[in-house]
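To start, the structure itself, in structure tokens.
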Amino acid sequence: MTGTTTPEVSIRTRVLRKVYPGKAGGIVALEGLDLDVPAGEFFGLLGPNGAGKTTTIGILTTRVRPTAGEASVGGADVVREPVAVKQRIGVVPQRPNPDRSLTVRENLLFHGAYFGIPRKVTAERARTLLETLGLAERGDAKVDEISGGQQQRLMIARALLHDPQVLFLDEPSVGLDPQARLELWEILRRLHAEGRTIVMTTHYMEEADRLCERVAIMDRGRLLALDSPAALKARAPGGTLIEVILDEDATASAAGARVLPGVLRVDVEGAVMRAYAERPGESIAGLIKAAEQAGRRVMHIALSPPSLETLFISLTGRKLD
Amino acid sequence: MSPRPLVPARRVFVALLLRDLRVARRELPYFLVRTTLQPILFVVVFGYLLPKMGFVQRGYGSALLPGILAMSLALSSVQSVALPMVADFGWTKEIEDRLLAPASARMIAFEKVVAGVLQGLIAVLFVLPIARLIMGPVAGLTLSGFGSVLGVTVLGATAFSALGLLMGTAIDPQQIGLMFSVIVAPMIFFGCAYYPWQGLSAVPAFKYAVLVNPLVYVSEGMRGTLTPALPHMPIVAVLFALAVIAVIFWTWGLRTFERRAFG
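Order-wise, the sequence lines are chains G and P. Everything in the first sequence is counted per this note's numbering, starting at 1 for the first residue and increasing by one. Everything in the second sequence is counted per this note's numbering, starting at 1001 for the first residue and increasing by one.
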């Protein structure tokens, strides 16, 4: 962000903590999360399963009560003023949860009624949304009669019907085929262009990279990094990630690999050796040799170009999925 | 975009209720079969066949009819709240959209109870003429105490809808069928639906044990208002007991509802 004016903050969390009840003091889902999302931003929460993304969305949408810390949306506190928060937000859940006792259109009409929108206005908006989202023909269908992708779009229509300031999407493209995913991205870009604040969780690097202005990388309830996708990628260790999987422990092999010309960095995790190199083609032979000199056999080699994925691996030592 | 004024809670409540009534209207035939078939079949056997055969006295109908209405009311109220609640919170998670409506969780739960009360009333209004038709003239049946009938009916339906809220949110979805058998079936048989409470003087241990059963008060209340000539508990005691039971189930049910609603 440039300029001297502070942008209006839409979402704010301070030392947000969530512990779910369980064995041995419970399961810590969030460990002191601080976030500020300015109004109008397309914000991504990225991380593997169990990172705390869904818990974060749950708290911000008033559906999960935090154990400690504070969170507010559009200035309204999620614990003290949940009704005000609910009125400001639209939520697209991880798994479509339409009202199965109603038709597609009724889902929208009743949703509008819950939000106190006059019936005529709701009907008009429902018509427009069904059209925009390619559901115009399915308005009178029962929810169970439409496809998963259509249900997902119905969820988006429902989340937008009451014209919320902030739109939350929890893993919106899980379960969508590639075509439906591209369509979803197009819809989200349009919504963002309209000036809406969007918060999306994903464990797809590409999705975060393509859509979000800023991305928070989370793992095990903590924030690991927060920046624009470009800046994050710049922070990724230089070069291409060469993952060399050996038959046994890779520690000795790594020592040899580290002194190779063109190899920038080598991490070890069990039998996996991760090397970052400027010109991978020239380094692979050296890496194999280093492994063999340490008495190991190379089982598998994989290459990944610099990306949010390689950053995530370098931050956590683990892959996203 | 500046925050809009809050939607009045009353409007959200009405919208939620209209949704439940729309769904209830659509499912009315299934609902009536599910909740009134058993009481009606009971009327056929005990209110028609057995008196014809001479196994039970003709006067039994006067004791039976109020109990059948109580049973229909209880079954329909508890089921119309508990069953959708189990599905909504369970596998489909579809209650989420109502939990995200701009209203407090308390109000959303309260709306469910009100919808259950209305469905209980519908079941009673459906069963009453059918039972009367099957049984023929019922000695001492009167609708003169309409206000008291309504009071017993509404309070009884509230108590059982609140019980439905509790059962629907406290019981594991896989166990709900079992729990209905374990809780609801004994409740019906020992709920003084088929016999007046005073008749249990013959077995004093039973007479006092059944007082924990909320159906007893609905049955006795129905008897006291519809066939007042028969022995029955005082109406004031009935109304007081039902009010206390409704408050207990509501308080308890709201707690389990909120526990399910908030992770």
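Cβ coordinates follow ideal geometry from the N, Cα and C atoms, glycine included. Quick caveat: nothing in here was measured; it's all calculated off a predicted structure.
Item                                                                                                                    : Value
Buried or exposed (CB count within 10 angstroms, at least 16 for buried), Lys-1112/P                                    : buried
Reduced DSSP secondary structure (H/G/I, E/B, other) of Met-200/G                                                       : strand
8 Å contact criterion, which Leu-102/G and Ala-126/G should meet: CB distance rounded                                   : Actually they are not in contact, since the Cβ atoms of Leu-102/G and Ala-126/G sit about 12 Å apart, beyond 8 Å.
For Met-967/P, the three-state DSSP class (helix, strand or coil)                                                       : Because chain P spans 1001 through 1263 in this model, residue 967/P falls outside it and cannot be assessed.
Proximal residues of chain P, C-beta to C-beta of Thr-61/G below 9 Å                                                    : Leu-1100
From Leu-161/G, Leu-133/G and His-162/G, residue whose alpha carbon lies closest to that of Gly-149/G                   : Leu-133/G
Check whether Ser-1072/P and Val-1114/P have beta carbons under 7 Å apart                                               : no
beta-carbon Pro-1102/P near the ligand ADP non-hydrogen atom, thresh 6 Å                                                : The ligand ADP is not part of this structure, which contains no ligands at all.
CB contact check: Phe-1013/P to chain G, cutoff 7 Å                                                                     : no
Any chain P beta carbon closer than 7 Å to Ser-10/G                                                                     : no
CA-to-CA distance, Gly-1061/P to Met-1053/P, given in whole angstroms                                                   : 14 Å
At least three beta-carbon pairs within less than 8 Å, the segment 194-201 of chain G to the segment 167-174 of chain G : yes
Chain-ordered residues of the segment 97-122 of chain G with a beta carbon less than 9 Å from chain P                   : Asn-97, Pro-98, Asp-99, Arg-100, Ser-101, Leu-102, Glu-106, Asn-107, Phe-110, His-111, Gly-112, Ala-113, Tyr-114, Phe-115, Gly-116 and Ile-117
Where Ile-11/G falls: helix, strand or coil (DSSP)                                                                      : strand
Contacts of Val-83/G in chain P (Cβ-Cβ under 7 Å)                                                                       : Leu-1006, Pro-1102, Ala-1103 and Ser-1104
Under 8 Å from the C-beta of Pro-93/G: neighbouring residues of chain P                                                 : Lys-1093 and Glu-1096
Any C-beta of chain G under 7 Å from that of Arg-1025/P                                                                 : no
7 Å Cβ cutoff met for Ala-225/G and Leu-246/G                                                                           : no
Coil, strand or helix - Leu-1006/P by DSSP                                                                              : coil
For Val-1247/P, the three-state DSSP class (helix, strand or coil)                                                      : helix
Rounded Cβ spacing between Ala-1151/P and Leu-1239/P (contact assumed at less than 8 Å)                                 : According to the sequence displayed, residue 1151/P carries Gly and not Ala. About 6 Å; that satisfies the 8 Å criterion.
Beta-carbon neighbours of Phe-1262/P, restricted to chain G and to distances below 7 Å                                  : Arg-63, Val-64 and Arg-65
Distance, Leu-1128/P Cα to Ala-1157/P Cα                                                                                : 16 Å
Contacts of Lys-86/G in chain P (Cβ-Cβ under 9 Å)                                                                       : Leu-1099, Leu-1100, Ala-1101, Pro-1102 and Ala-1103
Contact set for Ala-294/G: own chain, Cβ-Cβ below 7 Å, skip 5 residues either direction                                 : Ala-252, Ser-253 and Gly-256
Closer than 9 Å at the beta carbon, the chain P residues around Arg-158/G                                               : Asp-1097
Test: Arg-1019/P CB closer than 7 Å to a CB of chain G                                                                  : yes
Closest by C-alpha distance to Val-266/G, when choosing among Leu-241/G, Arg-279/G and Lys-289/G                        : Leu-241/G
Ala-1103/P vs Val-1012/P beta-carbon contact at 7 Å                                                                     : yes
7 Å Cβ cutoff met for Met-218/G and Glu-309/G                                                                           : no
Amino acids of chain P, ordered along the chain, whose beta-carbon sits closer than 8 Å to that of Gly-58/G             : Gly-1263
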